[in-house]
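Residue numbers (this note's numbering), protein chains in the order written: chain A, 1 to 115; chain B, 1 to 114.
Only one structure is covered here, and it is reproduced in the block below.
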Amino acid sequence: GENVEQHPSTLSVQEGDSAVIKCTYSDSASNYFPWYKQELGKRPQLIIDIRSNVGEKKDQRIAVTLNKTAKHFSLHITETQPEDSAVYFCAAYKNSGGSNYKLTFGKGTLLTVNP
Amino acid sequence: DTAVSQTPKYLVTQMGNDKSIKCEQNLGHDTMYWYKQDSKKFLKIMFSYNNKELIINETVPNRFSPKSPDKAHLNLHINSLELGDSAVYFCASRPTAHSYNEQFFGPGTRLTVL
Numbered sequence: 001g002e003n004v005e006q007h008p009s010t011l012s013v014q015e016g017d018s019a020v021i022k023c024t025y026s027d028s029a030s031n032y033f034p035w036y037k038q039e040l041g042k043r044p045q046l047i048i049d050i051r052s053n054v055g056e057k058k059d060q061r062i063a064v065t066l067n068k069t070a071k072h073f074s075l076h077i078t079e080t081q082p083e084d085s086a087v088y089f090c091a092a093y094k095n096s097g098g099s100n101y102k103l104t105f106g107k108g109t110l111l112t113v114n115p
Numbered sequence: 001d002t003a004v005s006q007t008p009k010y011l012v013t014q015m016g017n018d019k020s021i022k023c024e025q026n027l028g029h030d031t032m033y034w035y036k037q038d039s040k041k042f043l044k045i046m047f048s049y050n051n052k053e054l055i056i057n058e059t060v061p062n063r064f065s066p067k068s069p070d071k072a073h074l075n076l077h078i079n080s081l082e083l084g085d086s087a088v089y090f091c092a093s094r095p096t097a098h099s100y101n102e103q104f105f106g107p108g109t110r111l112t113v114l
């Protein structure tokens with residue numbers, strides 16, 4: 001089955017700096033890669049996603065890049081703010097190969113933005 | 001309007017008891033999931049139903065039994081609760097199992113087994 005590795009497990013940055021979280025996946029058939037943000041005590045919520053036919057996607061201060069050859073994708077947050085502090089999860093999904101359709105999540109990155 | 005709702009929000013119980021968690025979605029989605037999030041924050045999938053049919057059953061003790069009375073509801077019943085069952089349980093839904101669409105999570109149920 002799919003395996004998603006996520007690094008780092010914790011990340012501390014100063015307000016205004018950039019933050020980068022990296023994930024690798026094992027199944028080359030995976031073709032959809034969402035990122036979820038989970039604030040303390042809250043539910044995970046989708047912040048950005050990318051499909052395998054795209055190399056990069058941006059939404060204001062966040063961007064995701066995908067390297068299919070190397071099977072890794074990354075989340076980039078620029079001009080970080082204290083409200084960006086949360087646990088971030090990457091995930092991988094494939095739309096083929098039977099009925100076992102599920103998101104496989106990385107283990108999460110606790111991002112702390114220090115004012 | 002709450003898209004995915006769960007009850008109860010908190011559940012504190014003794015070892016050996018049986019308890020249920022309920023989930024409902026009003027998004028018209030076909031597919032629903034149960035996840036367990038332990039103290040290390042790892043999101044582990046437990047079950048998935050598509051149109052009331054079980055499609056994913058991960059390695060979960062058979063003390064856990066999901067039930068989907070209709071495609072808008074997915075309940076989780078847990079027998080003979082153990083200390084290790086303490087966690088936050090999230091319900092989630094997506095339009096269909098085989099889609100690229102966003103997966104929506106419920107607010108979670110924090111289960112504490114004493």
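Where is the CB? At the ideal position from N, CA and C, for every residue including glycine.
* So with Cβ pairs under 9 angstroms, would you call Arg61(A) a contact of chain B? -> To locate residue 61(A), count along the first sequence from 1; it is residue 61. For Arg61(A), no CB of chain B lies under 9 angstroms from its own CB, so it is not counted at the interface with that chain.
* If you follow the beta strand (DSSP E) that Phe89(A) is part of, which residue opens it and which one closes it? -> Here the question's residue 89(A) lines up with position 89 in the first sequence. For Phe89(A), the enclosing beta strand (DSSP E) starts and ends at Ala86 to Ala92.
* Closest Cβ-Cβ distance between Gly28(B) and chain A: below 9 angstroms? -> Position 28 of the second sequence, counted from the first residue, corresponds to residue 28(B). Judged by the 9 angstroms Cβ criterion, Gly28(B) is not in contact with chain A.
* **Sheet register partners of His72(A) (DSSP bridge)** => Mapped onto the first sequence, residue 72(A) falls at position 72. Under DSSP, His72(A) takes part in a beta bridge, and its partners are Thr24(A) and Asn67(A).
* Asked: Would you report the Cα separation of Ser65(B) and Gln14(A), rounded to the nearest angstrom?
  -> In the second sequence, counting from the first residue as 1, residue 65(B) sits at position 65. In the first sequence, counting from the first residue as 1, residue 14(A) sits at position 14. Cα to Cα, the separation comes out at about 45 angstroms.
* Asked: Which one of Asp59(A), Thr69(A), Asp17(A) and Glu56(A) has the shortest CA to CA distance from Ser28(A)?
  -> Counting from one through the first sequence, the residue named residue 28(A) turns up at place 28. The candidate whose alpha carbon is nearest that of Ser28(A) is Thr69(A).
* Burial state of Gln60(A) (16 or more Cβ within 10 Å) -> Here residue 60(A) refers to the residue found at position 60 of the first sequence. Classification for Gln60(A): exposed.
* Tell me, please, which residues DSSP counts as bridged to Val4(B). => Position 4 of the second sequence, counted from the first residue, corresponds to residue 4(B). In the DSSP output, where bridge partners are listed per residue, Val4(B) has Gln25(B).
* Please say whether Tyr93(A) and Leu103(A) have beta carbons closer to each other than 9 angstroms? => Start at 1 with the first residue of the first sequence, and residue 103(A) comes out as number 103. Start at 1 with the first residue of the first sequence, and residue 93(A) comes out as number 93. A contact, by the Cβ cut-off of 9 angstroms.
* Should Glu2(A) and Ser26(A) be called a contact, given that it needs their Cβ atoms to be closer than 9 angstroms? -> If you number the first sequence from 1, residue 2(A) lands on position 2. If you number the first sequence from 1, residue 26(A) lands on position 26. Yes, the pair counts as a contact, with Cβ atoms nearer than the cut-off.
* To do: May I ask you to list the residues that DSSP assigns as paired with Pro115(A)?
  => Along the first sequence, read from residue 1 onward, the residue named residue 115(A) stands at position 115. Looking at the DSSP output, Pro115(A) shares a beta bridge with no other residue.
* Please report how far the alpha carbon of Ser74(A) lies from the alpha carbon of Gln45(A), in whole angstroms. => Counting from one through the first sequence, the residue named residue 74(A) turns up at place 74. Counting from one through the first sequence, the residue named residue 45(A) turns up at place 45. If I take the Cα positions, the gap works out to 17 angstroms.
* Asked: On the three-state DSSP scale, how would you describe Glu83(A)?
  -> Start at 1 with the first residue of the first sequence, and residue 83(A) comes out as number 83. Glu83(A): helix per DSSP, three-state reduction.
* Consult DSSP for Asp85(B) and reduce its assignment to one of helix, strand or coil. => Looking up residue 85(B) in the second sequence gives position 85. DSSP places Asp85(B) in helix when its eight states are reduced to three.
* **Minimum Cβ-Cβ distance from Lys57(A) to chain B less than 9 angstroms** => Translated into the one-based positions of the first sequence, residue 57(A) becomes position 57. Not an interface residue.
* Could you list which residues in chain B have their beta carbon closer than 8 angstroms to that of Phe73(A), in chain order? => Reading the first sequence from its first residue, position 73 is the one you call residue 73(A). Under a criterion of Cβ atoms nearer than 8 angstroms, no residue of chain B is adjacent to Phe73(A); the nearest Cβ is some 15 angstroms distant.
* Buried or exposed: Met32(B), going by 16 or more other Cβ atoms within 10 Å of its Cβ? -> Taking the second sequence and counting its residues from 1, the one referred to as residue 32(B) is at position 32. The C-beta of Met32(B) has 16 or more other C-beta atoms within 10 Å across all chains shown, which makes the residue buried.
* Residue span of the beta strand (DSSP E) that contains Glu56(A), given as start and end -> One-based indexing of the first sequence puts residue 56(A) at position 56. Start and end: Glu56 to Asp59.
* Closest Cα partner of Pro107(B) within the set Leu43(B), Lys67(B), Asp70(B) and Tyr89(B) -> Here residue 107(B) corresponds to residue number 107 of the second sequence, with the count starting at 1. Answer by Cα proximity: Tyr89(B).
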